[in-house]
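Quick note: the sequence shown, position 458, residue 476 per this note's numbering, numbers continuous. Working notes, beginning with the structure itself.
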Amino acid sequence: MPQWKDPFDIFDGRQLNDKNQQDFFRNVAQFFKGKQGTNSDLEQIVTNLLAKKTESASKKEQESFASMVHLLGESSKEVFRQINETLGHVGLERFNLLQFLYYMDYEESRKNSVWKRRMHRFLPELPSEAAIQLFDGLYLSQLAYAPSCEEIFDRLQTFRGGLFSLRNCTVEARVNEPAHFVVVRNLNPVTSMKDALLQHLDFPAGQSFRRRYAWSWIAGPLQYVRNPQQVEVMVVIRGSKEVFDFLTDGMLLATNYQGGKAHDGILRSAQWLERIYHADLKQFWSASKRQLGRKKMKLWFIGHSLGGGAAALAAMNFHSNTSYATWVDAEAIGYGTPSLVSPQLSYKYQDIVTSVVNDADVVPRTSGAALAKTWRKIICYNWTDAALEDYDHLVEVLREDQGIMKHFFGHQKGQAWLKDSSTNLRKWLETWFDDNVAPWLEKLPPQDDEGNEEEVELIPPGECIHLYRDGVTWQGNYVNCSYFGKDLEVVRHFVDDHLIPPGYYQALLGLVRNRKNNVSWTFRDDLMEIDY
19 MPQWKDPFDI
29 FDGRQLNDKN
39 QQDFFRNVAQ
49 FFKGKQGTNS
59 DLEQIVTNLL
69 AKKTESASKK
79 EQESFASMVH
89 LLGESSKEVF
99 RQINETLGHV
109 GLERFNLLQF
119 LYYMDYEESR
129 KNSVWKRRMH
139 RFLPELPSEA
149 AIQLFDGLYL
159 SQLAYAPSCE
169 EIFDRLQTFR
179 GGLFSLRNCT
189 VEARVNEPAH
199 FVVVRNLNPV
209 TSMKDALLQH
219 LDFPAGQSFR
229 RRYAWSWIAG
239 PLQYVRNPQQ
249 VEVMVVIRGS
259 KEVFDFLTDG
269 MLLATNYQGG
279 KAHDGILRSA
289 QWLERIYHAD
299 LKQFWSASKR
309 QLGRKKMKLW
319 FIGHSLGGGA
329 AALAAMNFHS
339 NTSYATWVDA
349 EAIGYGTPSL
359 VSPQLSYKYQ
369 DIVTSVVNDA
379 DVVPRTSGAA
389 LAKTWRKIIC
399 YNWTDAALED
409 YDHLVEVLRE
419 DQGIMKHFFG
429 HQKGQAWLKD
439 SSTNLRKWLE
449 TWFDDNVAPW
459 LEKLPPQDDE
469 GNEEEVELIP
479 PGECIHLYRD
489 GVTWQGNYVN
499 CSYFGKDLEV
509 VRHFVDDHLI
519 PPGYYQALLG
529 LVRNRKNNVS
539 WTFRDDLMEI
549 DY
């Protein structure tokens with residue numbers, strides 16, 4: 019693997035100034051370009067942007083920038099070390115864009131809608147009522163991406179008829195300290211609001227369903243009417259948005275945790291949340307129990323992506339700590355939660371953690387082992403036959419398009435030229451593939467060589483719900499979380515599937531509309547209004 023120059027070495031304890039700010043960003047740009055010492059357009063753009071920023075920056079902003087650089091410097095070396103240790107052995111220098119694109123075509127042809135239906139045929143189905151409940155957590159997860167706490171406060175005034183009150187908020191993240199907000203469900207909701215919620219959820223009065231489907235804070239008055247004396251608190255954690263979030267994501271190595279393994283960076287985020295809130299939460303519960311009795315506090319951790327991972331591990335921390343057992347009942351729900359715990363831990367916490375995965379979402383499948391396995395599949399894939407098929411198809415299109423040949427050569431001469439030149443070019447391509455591609459492929463192990471399989475070390479936590487396209491509409495099933503820990507689905511929508519508005523929201527909406535046979539059905543709250 020290349021040895022990169024550390025961008026933070028330029029400071030070396032010196033006072034921050036405009037010159038080494040510019041050097042810092044140049045080195046960062048060079049790092050991501052994968053080479054050093056070139057005067058690239060990217061470097062010039064970064065330099066220009068920085069110059070404009072520093073011209074208008076206040077002293078406070080300069081100090082803030084210096085603090086950010088200091089924190090980045092402390093964490094970057096560890097992140098890069100872990101990335102190199104995790105992926106340094108899989109031949110990243112062999113990246114070939116054509117090979118990657120042709121492998122994507124192969125993967126999409128193999129893992130098509132027929133394959134998806136077969137994989138889920140005998141698995142329990144997600145009810146439409148559960149999908150409606152899942153939307154509330156998704157809405158709050160999207161709200162965590164808001165640019166300011168003021169906007170979060172304003173949106174909560176109308177969400178679910180003002181059912182929740184904001185108690186704490188930060189939209190700034192640091193390494194292993196994710197942005198998040200805390201809400202408390204208001205007590206004694208008015209009758210009109212209860213009726214509206216009951217009607218919206220389509221539940222008969224007084225009816226509920228199994229625990230695995232019924233989350234009391236989401237179901238609102240259904241559970242609250244029976245149990246009006248329980249305090250409910252939600253900690254909603256933002257996913258990856260700022261550079262510090264991506265540094266946390268970059269800590270790919272597994273560390274020891276509760277007799278198993280857990281994602282190092284996300285575990286640190288969860289431990290930080292527990293550390294800063296456990297005393298305040300207990301104080302809040304103690305102050306409330308005089309009025310509400312001695313019932314436990316219901317504590318929900320909710321989030322998307324990195325936030326979903328931190329939510330899961332935070333709930334696991336609270337649940338496993340016996341000092342919390344008398345006063346808090348913690349659970350978690352995450353959307354696009356990464357592979358972050360070993361299988362035995364995932365199964366252990368099925369009763370308190372729910373992970374929702376949208377179709378080919380890349381993040382829940384991205385463990386170090388899955389990345390290495392998928393990369394080997396890509397570099398072992400023989401793409402030359404598919405490339406030659408595309409070439410033959412191109413020649414056929416040109417042959418049938420008489421206008422092109424006639425315009426340049428005349429009809430007869432053009433056909434003759436196309437036949438001769440296309441044949442010669444195909445022979446040249448075959449020779450080039452034989453000389454440059456085949457020798458490398460022959461040196462690699464076969465894709466199905468069991469001796470080269472990576473052990474599945476990390477998978478998404480708890481009970482997993484998979485939303486997927488079935489070729490006609492959207493479906494949802496409960497699946498074993500190990501389904502997502504084996505390799506990536508390298509398809510064109512694997513990034514869009516991870517996002518909330520084009521991914522998870524569309525999946526839940528499509529599923530409910532299909533189950534209700536109503537193409538105009540909508541959720542009570544409009545998530546698309548908060549598309550950040």
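Virtual Cβ for every residue (Gly too), placed ideally from N, Cα, C.
- Query: Tell me, which residues are paired with F199 by DSSP?
  - Reply: C187 and V254
- Rounded Cβ spacing between V253 and L291 (contact assumed at less than 8 Å): 7 Å
- Query: If you check the beta carbons only, do L174 and V202 fall under 8 Å apart?
  - Reply: The beta carbons of L174 and V202 sit no closer together than 8 Å.
- Task: For the beta strand (DSSP E) containing K316, list its first residue and its last residue.
- Result: Start and end: M315 to H322.
- Message: Using only CA atoms, which one of L447, M334 and D488 lies nearest to I370?
- Response: M334
- Query: Does the Cβ-Cβ distance between I396 and F319 come in under 8 Å?
  - Reply: no
- Item | Minimum C-alpha distance to M546 - residue among N532, P519 and R444 | P519
- Do G352 and A329 have their CB atoms nearer than 8 Å? yes
- Item | CA-to-CA distance, D453 to V490, given in whole angstroms | 44 Å
- Query: What is the DSSP secondary structure of N442, counted as helix, strand or coil?
  - Reply: helix
- By the 10 Å Cβ neighbour count, where 16 or more other Cβ atoms means buried, how is T540 classified, buried or exposed? exposed
- Message: Can you list, in chain order, the residues of its chain with a C-beta nearer than 6 Å to that of T209? Leave out the 5 residues immediately preceding and following it.
- Response: In this prediction, T209 scores a pLDDT of 33, lower than 50, which makes its location untrustworthy; the coordinate-derived value is nonetheless stated afterwards. The answer is none, since no qualifying residue turns up.
- Check the DSSP bridge columns for W492 and list the partner residues they point to. R487, per the DSSP bridge assignment.
- Three-state secondary structure assigned by DSSP to H296: It is helical.
- Terminal residues of the continuous beta strand (DSSP E) containing Y275? A272 to Y275
- Message: Taking the beta carbon of K461 as the centre, do at least 16 other beta carbons fall within 10 Å, making it buried, or is it exposed?
- Response: exposed
- Tell whether a beta-carbon distance below 8 Å holds between K134 and Y486. yes
- Verify whether the separation of the beta carbon atoms of S323 and P196 is less than 8 Å. no
- Query: Is V380 closer than 8 Å to L506 when the C-beta atoms are compared?
  - Reply: yes
- Just mark G277 as buried or exposed, buried being the case when its beta carbon has 16 or more other beta carbons within 10 Å. exposed
- Item | Enclosing alpha helix (DSSP H) for H411 [first to last residue] | Segment T402 to E418, the alpha helix (DSSP H) holding H411.
- Please report how far the alpha carbon of D543 lies from the alpha carbon of L158, in whole angstroms. 11 Å
- Can you tell me whether DSSP reads T372 as helix, strand or coil? strand
- Message: Whole angstroms are fine: how far does the CA of G354 sit from the CA of A390?
- Response: 20 Å
- Spatial neighbours of N532 within its chain, please: CB distance less than 7 Å, with the 5 preceding and 5 following residues excluded, ordered by chain position. T491 and W492
- With respect to the beta strand (DSSP E) encompassing K279, which residues constitute its N-terminal and C-terminal limits? In the DSSP annotation of this structure, the continuous segment of the beta strand (DSSP E) that includes K279 starts and ends at G278 to H281.
- Query: For P356 versus P382, is the C-beta distance shorter than 8 Å?
  - Reply: yes
- Message: Looking only at its chain, what residues have a beta carbon closer than 6 Å to the beta carbon of T188, apart from the 5 residues adjacent to it on each side?
- Response: Closer than 6 Å at the Cβ level, and outside the excluded window around T188, lie A197.
- Query: In terms of residues, what are the limits of the beta strand (DSSP E) holding E349?
  - Reply: V346 to Y353
- Item | Cutoff 7 Å; reference S166; Cβ partners in own chain excluding five residues on either side | V189
- For S440 and A434, the rounded distance between their alpha carbons: 10 Å
- In angstroms, rounded to a whole number, what distance separates the CA positions of R510 and L447? 27 Å
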